[in-house]
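I have placed the structure first, in the form of structure tokens, so that the comments after it can refer back to it.
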Amino acid sequence: MQVMVKMLNGGQCAIEVSGDTKVSELKTQVEMSLFVPPYLQRLVYKGRTLAEEMSLDEAGITEGAKIHLMVKKGESPFHANGACSSKSVSSPPAVDFFTQLAVFLSKHLTEEQTTKVVIEFRKNCQLMIESMNFDDIERFAASNFTEF
């Protein structure tokens, strides 16, 4: 069945799931489409927050249902991954780069192509960041992020 996940800021996506899909699995699919990490997601259906261990059937979700995504205020992504111990972020950015990229690409590509391109670009960025040392970062910043 297909369900619609809608954010308050207007972002939305259609996701293909089965009735026995767990809410935690749905959150992973939402992350791929809307780029909100699962730990910051609160999914609400008919005014009820969906529990992670609950299946979509148990929640009464049917074909074409609209699920609302609330983005939690809270931890920075670095804290959740164990890279930083401070809670310095009080709210998520209004619109992140990857969301803006998806909006731009969606004007030129199909939804499926847009999702694939953004996911692949996101992976490539992560690999590039992980491979950089401090000197590389300084050179990259000094070049206005144009040369690596």
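Read in UniProt numbering, the sequence shown has 69 at position 69, and its numbers run on one by one without any break.
Just so it is clear, CB atoms sit at the ideal spot from N, CA and C, and this is done for glycine as well.
This structure is a prediction, so every number in the text was calculated from the model and none was measured.
Asked, Found
"If you pair each beta-carbon of the stretch 30-50 with each one of the stretch 8-17, do three or more pairs fall below 8 Å?", "yes"
"Count the CB pairs spanning the stretch 37-51 and the stretch 111-125 that are closer than 8 Å, and state whether there are at least three.", "no"
"If Glu52 sits next to Lys22, beta carbons under 8 Å apart, how far is it from one beta carbon to the other, in whole angstroms?", "7 Å"
"Measuring alpha carbon to alpha carbon, tell me which residue in Asp20, Leu40, Gly19 is nearest Gln27.", "Before going further, note that residue 27 is Lys rather than Gln in the sequence given. Lys27 has its Cα closest to that of Leu40, out of Asp20, Leu40, Gly19."
"Go ahead and pull the three-state DSSP assignment for Ile61.", "coil"
"Find the nearest neighbour of Asp96 within the set Met1, Met132, Lys107, Asn9, judged by alpha-carbon distance.", "Asn9"
"Considering only the beta carbon of each residue, do Leu101 and Val5 sit closer than 9 Å?", "no"
"When we look at the beta-carbon of Ile137 and count the other beta-carbons within 10 Å, is it buried (16 or more) or exposed?", "exposed"
"Do you know how far the Cα of Ala59 is from the Cα of Ala65?", "11 Å"
"What number of angstroms, rounded off, separates the C-alpha of Phe130 from the C-alpha of Lys123?", "The question names Phe, yet the displayed sequence has Glu at residue 130. The alpha-carbon atoms of Glu130 and Lys123 are separated by roughly 11 Å."
"Which runs of the beta strand (DSSP E) fall wholly inside the UniProt domain \"Ubiquitin-like\" (1-76) and span at least 3 residues, in chain order?", "2-7, 12-16, 41-45, 66-71"
"Using a beta-carbon distance below 9 Å, is Phe104 in contact with chain C?", "Within the model displayed, chain C is absent; a lone protein chain is all it includes."
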